[in-house]
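Student: Going by the working numbering, the first residue of the sequence shown is number 1048, and it counts up by one from there.
Structure in C-alpha coordinates, see below.
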Amino acid sequence: MAAPPSPERPAQRADARRNQENLLEAAARAFVDSGVDVPVRDIAARAGVGLGTIYRHFPTRADLIVAVYRHQVEACAAAGPALLQECGSPVVALTRWLDLFVDFLVTKRGLAEALNSDDAALAPLHEFFVERLVPVCGDLLSAASAAGELRRDVGAYQLLRSIGNLCIGGEQDPRYAPRSAVEMMLAGLREPG
1048 MAAPPSPERP AQRADARRNQ ENLLEAAARA FVDSGVDVPV RDIAARAGVG LGTIYRHFPT
1108 RADLIVAVYR HQVEACAAAG PALLQECGSP VVALTRWLDL FVDFLVTKRG LAEALNSDDA
1168 ALAPLHEFFV ERLVPVCGDL LSAASAAGEL RRDVGAYQLL RSIGNLCIGG EQDPRYAPRS
1228 AVEMMLAGLR EPG
(Lines of atoms letter the chains of each structure in order from A and count residues from 1; the text may use other names and numbers.)
(Lines give C-alpha, C1' and ligand atoms only; values in the text may rest on other atoms or scores of the structure.)
Protein backbone atom coordinates (compact mmCIF):
# COMPACT_ATOMS: atom_id res chain seq x y z
CA MET A 1 0.00 0.00 0.00
CA ALA A 2 1.33 3.42 -0.95
CA ALA A 3 2.14 5.90 1.76
CA PRO A 4 -0.22 8.88 2.01
CA PRO A 5 1.15 12.09 0.51
CA SER A 6 3.03 14.18 3.02
CA PRO A 7 1.80 17.69 3.78
CA GLU A 8 5.10 18.98 2.38
CA ARG A 9 4.52 17.57 -1.10
CA PRO A 10 1.87 20.14 -2.23
CA ALA A 11 4.09 22.96 -0.96
CA GLN A 12 6.96 21.59 -3.02
CA ARG A 13 4.76 21.55 -6.09
CA ALA A 14 3.70 25.13 -5.40
CA ASP A 15 7.38 26.06 -4.99
CA ALA A 16 8.21 24.27 -8.24
CA ARG A 17 5.43 26.20 -10.02
CA ARG A 18 6.71 29.49 -8.60
CA ASN A 19 10.25 28.60 -9.64
CA GLN A 20 9.11 27.75 -13.14
CA GLU A 21 7.08 30.97 -13.31
CA ASN A 22 10.16 32.92 -12.18
CA LEU A 23 12.21 31.19 -14.85
CA LEU A 24 9.63 32.00 -17.56
CA GLU A 25 9.49 35.64 -16.46
CA ALA A 26 13.28 35.88 -16.52
CA ALA A 27 13.37 34.32 -19.99
CA ALA A 28 10.68 36.72 -21.21
CA ARG A 29 12.68 39.72 -19.95
CA ALA A 30 15.82 38.35 -21.60
CA PHE A 31 13.92 37.87 -24.87
CA VAL A 32 12.72 41.48 -24.70
CA ASP A 33 16.20 42.81 -24.01
CA SER A 34 18.26 40.57 -26.30
CA GLY A 35 15.93 38.56 -28.52
CA VAL A 36 15.07 34.87 -28.46
CA ASP A 37 18.67 33.91 -29.25
CA VAL A 38 19.91 35.24 -25.91
CA PRO A 39 22.41 32.82 -24.33
CA VAL A 40 20.73 30.41 -21.92
CA ARG A 41 23.36 31.24 -19.28
CA ASP A 42 22.04 34.85 -19.30
CA ILE A 43 18.51 33.59 -18.66
CA ALA A 44 19.78 31.34 -15.86
CA ALA A 45 21.60 34.27 -14.25
CA ARG A 46 18.46 36.44 -14.40
CA ALA A 47 16.38 33.66 -12.86
CA GLY A 48 18.98 32.85 -10.23
CA VAL A 49 19.19 29.20 -11.28
CA GLY A 50 21.79 26.95 -12.84
CA LEU A 51 21.88 25.93 -16.49
CA GLY A 52 20.86 22.41 -15.48
CA THR A 53 17.59 23.70 -14.05
CA ILE A 54 16.69 25.36 -17.33
CA TYR A 55 17.62 22.33 -19.41
CA ARG A 56 15.75 20.01 -17.04
CA HIS A 57 12.54 21.96 -17.64
CA PHE A 58 13.24 23.00 -21.24
CA PRO A 59 15.61 20.62 -23.06
CA THR A 60 15.74 22.79 -26.20
CA ARG A 61 15.59 26.51 -26.95
CA ALA A 62 12.34 25.86 -28.85
CA ASP A 63 10.83 24.31 -25.69
CA LEU A 64 11.75 27.45 -23.75
CA ILE A 65 10.38 29.79 -26.44
CA VAL A 66 7.12 27.83 -26.55
CA ALA A 67 6.77 27.92 -22.76
CA VAL A 68 7.46 31.66 -22.53
CA TYR A 69 5.11 32.42 -25.40
CA ARG A 70 2.31 30.27 -23.97
CA HIS A 71 2.80 31.76 -20.51
CA GLN A 72 2.51 35.29 -21.84
CA VAL A 73 -0.47 34.49 -24.05
CA GLU A 74 -2.22 33.01 -20.99
CA ALA A 75 -1.45 36.14 -18.96
CA CYS A 76 -2.85 38.34 -21.74
CA ALA A 77 -5.95 36.15 -22.00
CA ALA A 78 -6.53 36.33 -18.22
CA ALA A 79 -6.20 40.11 -18.25
CA GLY A 80 -9.26 40.59 -20.49
CA PRO A 81 -11.98 39.50 -18.06
CA ALA A 82 -10.16 41.16 -15.15
CA LEU A 83 -10.04 44.50 -16.99
CA LEU A 84 -13.70 44.21 -17.95
CA GLN A 85 -14.58 43.89 -14.25
CA GLU A 86 -12.18 46.63 -13.09
CA CYS A 87 -12.90 49.34 -15.65
CA GLY A 88 -16.01 51.46 -15.59
CA SER A 89 -16.29 51.32 -19.37
CA PRO A 90 -15.97 48.31 -21.68
CA VAL A 91 -14.16 50.40 -24.29
CA VAL A 92 -11.62 51.45 -21.63
CA ALA A 93 -11.16 47.77 -20.75
CA LEU A 94 -10.70 46.94 -24.43
CA THR A 95 -8.23 49.80 -24.89
CA ARG A 96 -6.16 48.71 -21.89
CA TRP A 97 -6.22 45.08 -23.02
CA LEU A 98 -5.13 46.05 -26.52
CA ASP A 99 -2.33 48.06 -24.94
CA LEU A 100 -1.14 44.83 -23.27
CA PHE A 101 -1.50 43.05 -26.59
CA VAL A 102 0.62 45.69 -28.35
CA ASP A 103 3.27 45.36 -25.61
CA PHE A 104 3.25 41.62 -26.18
CA LEU A 105 3.77 42.07 -29.92
CA VAL A 106 6.37 44.83 -29.99
CA THR A 107 8.61 43.45 -27.26
CA LYS A 108 9.10 39.99 -28.77
CA ARG A 109 12.36 40.60 -30.58
CA GLY A 110 13.14 37.64 -32.79
CA LEU A 111 9.91 35.81 -32.04
CA ALA A 112 8.49 36.36 -35.51
CA GLU A 113 11.57 34.78 -37.05
CA ALA A 114 11.42 31.90 -34.58
CA LEU A 115 7.74 31.33 -35.37
CA ASN A 116 8.48 31.28 -39.09
CA SER A 117 11.32 28.79 -38.67
CA ASP A 118 11.15 25.15 -39.66
CA ASP A 119 11.15 24.02 -36.01
CA ALA A 120 8.14 21.72 -35.58
CA ALA A 121 7.95 22.56 -31.86
CA LEU A 122 7.06 26.15 -32.74
CA ALA A 123 4.44 25.35 -35.38
CA PRO A 124 1.36 25.21 -33.09
CA LEU A 125 2.02 28.57 -31.43
CA HIS A 126 0.07 30.71 -33.89
CA GLU A 127 -3.01 28.52 -33.52
CA PHE A 128 -2.68 28.63 -29.72
CA PHE A 129 -2.42 32.42 -29.91
CA VAL A 130 -5.59 32.65 -32.00
CA GLU A 131 -7.52 30.13 -29.87
CA ARG A 132 -6.74 31.95 -26.62
CA LEU A 133 -6.79 35.63 -27.57
CA VAL A 134 -9.49 35.98 -30.23
CA PRO A 135 -12.32 34.93 -27.85
CA VAL A 136 -11.08 37.33 -25.16
CA CYS A 137 -10.94 40.17 -27.66
CA GLY A 138 -14.38 39.14 -28.92
CA ASP A 139 -15.86 39.36 -25.41
CA LEU A 140 -14.36 42.82 -24.92
CA LEU A 141 -15.64 43.97 -28.32
CA SER A 142 -19.12 42.61 -27.59
CA ALA A 143 -19.26 44.42 -24.25
CA ALA A 144 -18.10 47.70 -25.82
CA SER A 145 -20.60 47.34 -28.66
CA ALA A 146 -23.45 46.48 -26.27
CA ALA A 147 -22.61 49.60 -24.25
CA GLY A 148 -22.86 51.69 -27.43
CA GLU A 149 -19.20 52.68 -27.22
CA LEU A 150 -17.92 50.85 -30.30
CA ARG A 151 -19.17 49.99 -33.77
CA ARG A 152 -20.87 46.61 -33.98
CA ASP A 153 -19.18 45.49 -37.19
CA VAL A 154 -15.72 44.96 -35.67
CA GLY A 155 -14.51 41.35 -35.63
CA ALA A 156 -11.98 40.15 -33.05
CA TYR A 157 -9.74 38.24 -35.46
CA GLN A 158 -9.71 41.12 -37.94
CA LEU A 159 -8.89 43.62 -35.19
CA LEU A 160 -6.04 41.56 -33.73
CA ARG A 161 -4.65 40.84 -37.18
CA SER A 162 -4.78 44.54 -38.08
CA ILE A 163 -3.01 45.49 -34.86
CA GLY A 164 -0.40 42.81 -35.52
CA ASN A 165 0.23 44.32 -38.94
CA LEU A 166 0.53 47.81 -37.44
CA CYS A 167 3.17 46.53 -35.01
CA ILE A 168 5.42 44.97 -37.66
CA GLY A 169 8.72 46.77 -38.09
CA GLY A 170 8.24 49.24 -35.26
CA GLU A 171 11.56 48.25 -33.71
CA GLN A 172 13.41 48.99 -36.95
CA ASP A 173 12.23 52.58 -37.43
CA PRO A 174 12.47 54.94 -34.46
CA ARG A 175 10.12 57.40 -36.20
CA TYR A 176 7.29 54.86 -36.19
CA ALA A 177 5.21 54.34 -33.05
CA PRO A 178 2.95 51.27 -33.33
CA ARG A 179 1.02 52.26 -30.21
CA SER A 180 0.03 55.61 -31.77
CA ALA A 181 -1.08 53.84 -34.95
CA VAL A 182 -3.24 51.48 -32.88
CA GLU A 183 -4.74 54.42 -30.95
CA MET A 184 -5.70 56.11 -34.24
CA MET A 185 -7.30 52.91 -35.48
CA LEU A 186 -9.29 52.49 -32.25
CA ALA A 187 -10.48 56.10 -32.45
CA GLY A 188 -11.99 55.27 -35.83
CA LEU A 189 -13.90 52.33 -34.34
CA ARG A 190 -15.70 54.36 -31.67
CA GLU A 191 -19.34 55.23 -32.04
CA PRO A 192 -19.88 58.96 -32.60
CA GLY A 193 -20.94 60.88 -29.50
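Virtual Cβ for every residue (Gly too), placed ideally from N, Cα, C.
Given the structure is predicted, the values throughout are model-derived calculations rather than measurements.
Residues bridged to residue 1237 by DSSP?
Tutor: By one-based count along the sequence shown, residue 1237 stands at place 190. In DSSP, residue 1237 forms a bridge with 1197.
Student: If you draw a straight line from the C-alpha of residue 1201 to the C-alpha of residue 1085, how long is it?
Tutor: By one-based count along the sequence shown, residue 1201 stands at place 154. By one-based count along the sequence shown, residue 1085 stands at place 38. Approximately 38 Å between the Cα atoms of the pair.
Student: Tell me which residue opens and which closes the alpha helix (DSSP H) that residue 1150 is part of.
Tutor: As a position in the sequence shown, residue 1150 is number 103, starting the count at 1. Where residue 1150 is concerned, the enclosing alpha helix (DSSP H) stretches over 1137-1153.
Student: Could you check how far apart the C-beta atoms of residue 1211 and residue 1169 are, in whole angstroms? I think they sit under 8 Å.
Tutor: Position 164 of the sequence shown, counted from the first residue, corresponds to residue 1211. Position 122 of the sequence shown, counted from the first residue, corresponds to residue 1169. 17 Å between Cβ atoms; not a contact.
Student: Among residues of its own chain, excluding the 5 on either side of residue 1209, which ones have a beta-carbon nearer than 7 Å to its beta-carbon?
Tutor: If you number the sequence shown from 1, residue 1209 lands on position 162. Closer than 7 Å at the Cβ level, and outside the excluded window around residue 1209, lie 1232.
Student: Can you name, in chain order, every residue of its own chain whose Cβ lies under 6 Å from the Cβ of residue 1096, other than the five neighbours on each side?
Tutor: Position 49 of the sequence shown, counting from 1, holds the residue named residue 1096. No residues qualify anywhere along the chain.
Student: Helix, strand or coil: which one does DSSP assign to residue 1184?
Tutor: For this step, residue 1184 is matched to residue 137 along the sequence shown. Reduced to three states, the DSSP call for residue 1184 is helix.
Student: In this structure, does DSSP put residue 1175 in helix, strand or coil?
Tutor: By one-based count along the sequence shown, residue 1175 stands at place 128. Three-state result, residue 1175: helix.
Student: Is DSSP giving residue 1214 helix, strand or coil here?
Tutor: Reading the sequence shown from its first residue, position 167 is the one you call residue 1214. It is helical.
Student: In this structure, how does DSSP classify residue 1105 when only helix, strand and coil are distinguished?
Tutor: Your numbering for residue 1105 matches position 58 in the sequence shown. Three-state result, residue 1105: coil.
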